[in-house]
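First residue of the sequence shown: 17, per this note's numbering; consecutive thereafter. A virtual CB, placed ideally from N, CA and C, is assigned to each residue, including glycine. Here the structure is laid out as structure tokens; the discussion comes afterwards.
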Amino acid sequence: MALLQADKIGIALGDKQVLTEASLVIEEKERVGMVGRNGSGKSTFLNCLTGELLPDSGTVSLQNGVSLGYLEQLPDHRDGATAWDIIMAGFGQILRQRRQLQELEEQLAVGGPNTDQLLEQYAHVSQAYELANGYVCEAMARRILLGLGFVEEQFKQPWAAFSGGEKTRLNLGCLLAMEPRLLLLDEPTNNLDVDSVEWLEGYLSTYSGAILVVSHDRMFLDRVANRIVELRDGRLKSYPGNYSTYLQLKQEEGLAHQRAYEKQQDYIRKTEAYILQFKAGIKAKQARGRQRQLKRLKKIERIAPKKVISPGQIKMGQDSAEEVVLLKNVSKSIAGRQLFDQVNFKISKGARLALVGPNGCGKTTLLKIIMGEEAADTGQVILGNRVNIAYFSQHCAELDPEATLLGEIMRDSNIKVQVARQYLARMLFTGDDVFKKVGELSGGEQVQLALLKVMLAGANFLILDEPTNHLDIPSSEAVENVLATFPGTILVVSHDRYFLKNLVNGVLAIENGKLVYYQGDYAYYQEKSREKKRHQEEEKHRPINQMNDKKAARAAEREKQKIIAKRQAELQDLEDTIENLEQQKGELELFLANPITYQDSNEARRCAQEFKEVQRLLDKAYSRWAKLAAAVEGC
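Here is the structure:
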């Protein structure tokens, strides 16, 4: 039986019909990615699945006993809770079992006529606790927090001290800790840096339940999803495979539809010619029969071909010098924390560079230093001759809400109406859309318009800060296509790996306060970054000394083997201890299960106390064993 089944869901919000007979079935362990334009109803559909919204028509069925977890984009407020508390709250069932075991131990220590029943209950809860990984839930909480980009100093930080993006990450971590059998995620990669997104991809790849995720992150969908459902015109259509497979199937589907349309049109033309030729002759009866067939024929709709709108390259006011920007010994600290130190780099004309690094490493700060909006602590920034910068950030878009789209684009750029309409069409504003008022646009559409204004400002150096954040996939592709025609220099901060893969020819990475240049496309950077991380993991286990390379390698291997041998010996000791404790526990359980024991209340109480102590030592031994086993495996 399916975990979840949505059958012909229909819902209208105001005058707009958002969903029309939208149907979806999710089976065990499926990873379903949902795509669709902004405003197409994806979040509305998820809210119908969770019961937050009641559909006007259709039904939602959840298999009995199936737990459903939903990550909403807006975080909840938790007064007084720390980051650690929030993640541990996700292990609610485990914590309840832990408290239940403690209560049972206390009751067993007191003794009484219902000891057999208590022991049976204790054994049942203890087994469930172990199966739920109760002994290692703290280690799992730590793994989740570190994976989502938090450092240990933040674990005890209160909820109120975190930013909105950090709160969203904490909510995501809490949801992952819950491990529902059906996990619903709405744009989970928003507010995550690339390292955290890649960690989340790995985590979800081994997730034991089913997943339905709404995302505009194309690379994330490629790595997580094994089925894509597209929400279009209020209905859902399913495609097997990941996002790249979906694109291929969509293309094949379009070609097949076009062939079927052309074949039907050819049949219609021939049939109409036959009817016209024989409608009054000896074959009039056959002609009338064919006419009836045509009337009953279900027409295949023609799919209008995508218009290729090419106003040519975006024009720059003037060409810049070969050296666009020179950074010399640039350093910056904020609140006593060093962001980057002694940065030296030259950006040459025509470069398309990505600036990457973890959240909080100083990417936006470096952009502002380059533009002269913020001062460096040391060093200098030298702009080349004739360099004209245009800067885009979603937080600084200045648009006139009363202006039309066409008027807004033409206001600060010296272009004709037809060219302006062509550029707007490339950003997916077609037909009468250009006469809409800016204030009528969605947030994502305003971002597209503001970005187009920046690109048409006549600058020869574009600095872009998260240009595709919150854009849907077609809009991101439109931005990519327009940027591809820009002949100047580009420096972009983005967490959209697919976007960067299609745009940049070099990567600047802020790594441990240094600016590292990768001379290649984004795929090259990813490969080198993975190699570097593997090397760093290996280096963690090697001693730092002044020996020559061969001697150091031998010493490192000897030290590693010593550590492994020591840990394996400790593991063996722990296993012996656990075996002895389990034997003691079994003997005590038999003793406590014997009614004769309770003829001497003092002896019964002593045995119950001893049982509690043995269980405590067992819990401690199992916890230490789990950590040690993980350490040995990591060697």
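Original post:
Using 8 Å as the Cβ pair cut-off and three pairs as the minimum, do the segment 17-24 and the segment 38-52 touch?
Top reply: yes
**OP:** Below 6 Å CB to CB, which residues in the same chain sit around N242 once its five sequence neighbours on both sides are set aside?
**Re:** Taken in chain order, the residues that qualify are R47.
**OP:** Could you tell me which of G529, W215, A466, E547 sits nearest to F356, measuring between CA atoms?
**Re:** G529
Original post:
L421 and K452 look like a contact to me (Cβ under 8 Å); what is the Cβ gap, rounded to whole Å?
Top reply: About 6 Å; that satisfies the 8 Å criterion.
**OP:** With a 10 Å radius around its C-beta and 16 neighbouring C-beta atoms as the bar for buried, classify P129 as buried or exposed.
**Re:** exposed
**OP:** Could you name each continuous beta strand (DSSP E) segment of 3 residues or more that falls completely within the segment 17-48, going from the start of the chain to the end?
**Re:** 20-29, 32-42
Subject >> S231, enclosing alpha helix (DSSP H) - first and last residue >> reply: It is not in any alpha helix (DSSP H) - S231 carries neither H nor E in the DSSP assignment.
**OP:** Check whether the Cβ atoms of R437 and V450 sit closer than 7 Å, and answer yes or no.
**Re:** yes
**OP:** Compute the Euclidean distance between the alpha carbons of L342 and G218, then round it to the nearest angstrom.
**Re:** Spanning the two alpha carbons is a distance of roughly 39 Å.
Original post:
According to the neighbour-count rule (16 or more other Cβ atoms, all chains shown, within 10 Å of its Cβ), is E122 buried or exposed?
Top reply: exposed
**OP:** Determine the contact status of S347 and Q334, defining contact as a CB-CB distance below 7 Å.
**Re:** no
Original post:
With 16 as the cutoff for other CB atoms within 10 Å, does L87 come out buried or exposed?
Top reply: buried
Subject >> Three-state secondary structure assigned by DSSP to D481 >> reply: Reduced to three states, the DSSP call for D481 is strand.
Original post:
Out of curiosity, what's the CA-to-CA distance linking Y541 and A585?
Top reply: 42 Å
Original post:
So, using beta-carbon positions, are R368 and N521 closer together than 7 Å?
Top reply: yes
Original post:
Which residues bound the alpha helix (DSSP H) around S349?
Top reply: From DSSP, S349 is part of no alpha helix (DSSP H) but of the beta strand (DSSP E) over 339-350.
Original post:
Roughly how many whole angstroms lie between the Cα atoms of Y290 and V230?
Top reply: 52 Å
**OP:** Measure the CB-CB distance between N485 and G165 and report whether it falls below 7 Å.
**Re:** no
Subject >> Burial state of D132 (16 or more Cβ within 10 Å) >> reply: exposed
Original post:
Can you tell me where the alpha helix (DSSP H) with L440 in it begins and where it stops?
Top reply: 433-442
Original post:
Which whole-angstrom value is the C-beta distance of D233 and D512, which I expect to be below 8 Å?
Top reply: 7 Å
Original post:
Thinking just about the alpha-carbon of each residue, which of R275, Q137, A370, A303 is nearest to the one in T505?
Top reply: Minimum Cα distance to T505 is reached at A370.
Original post:
Exposed or buried, which one is P483 when buried takes at least 16 other CB atoms within 10 Å?
Top reply: buried
Subject >> Host beta strand (DSSP E) of E246 (start-end) >> reply: Secondary structure note for E246: its beta strand (DSSP E) is the uninterrupted segment 243-248.
Subject >> alpha helix (DSSP H) segment containing Q137, residue limits >> reply: In this chain, the alpha helix (DSSP H) harbouring Q137 covers 131-147.
**OP:** Output the boundary residues of the alpha helix (DSSP H) element that contains D448.
**Re:** Run containing D448: none; DSSP gives neither H nor E here.
Original post:
So does the segment 65-76 actually touch the segment 148-162, counting three or more Cβ pairs closer than 8 Å?
Top reply: no
Original post:
Hey, would you say V463 sits closer than 7 Å to L480, going by beta carbons?
Top reply: no
**OP:** Could you say which of N401, V372, K469, K253 lies nearest to K517 if we only look at CA atoms?
**Re:** Measuring from the Cα of K517, the nearest candidate turns out to be V372.
Original post:
Can you tell me the Cα-Cα spacing of D448 and S83, whole angstroms?
Top reply: 46 Å
**OP:** State the start and end residues of the unbroken beta strand (DSSP E) segment that holds Q354.
**Re:** Per DSSP, Q354 is one residue of the beta strand (DSSP E) stretching across 353-364.
**OP:** Pick helix, strand or coil for Y540, following the three-state DSSP scheme.
**Re:** Here Y540 sits in helix by DSSP.
Original post:
Which residues in the same chain as L200 place their Cβ atom closer than 6 Å to its Cβ, once the five residues preceding and following it in sequence are excluded?
Top reply: L62, Y86, L228
Original post:
Leaving out the 5 sequence neighbours to the left and right, which residues in its chain are closer than 8 Å to A276 when beta-carbon positions are compared?
Top reply: Answer for A276: I316, listed in chain order.
Original post:
By Cβ distance, which residues of its chain are closer than 7 Å to D635, with the 5 residues on each side in sequence left out?
Top reply: Y151
**OP:** Could you name the residues that DSSP lists as bridge partners for V51?
**Re:** E246
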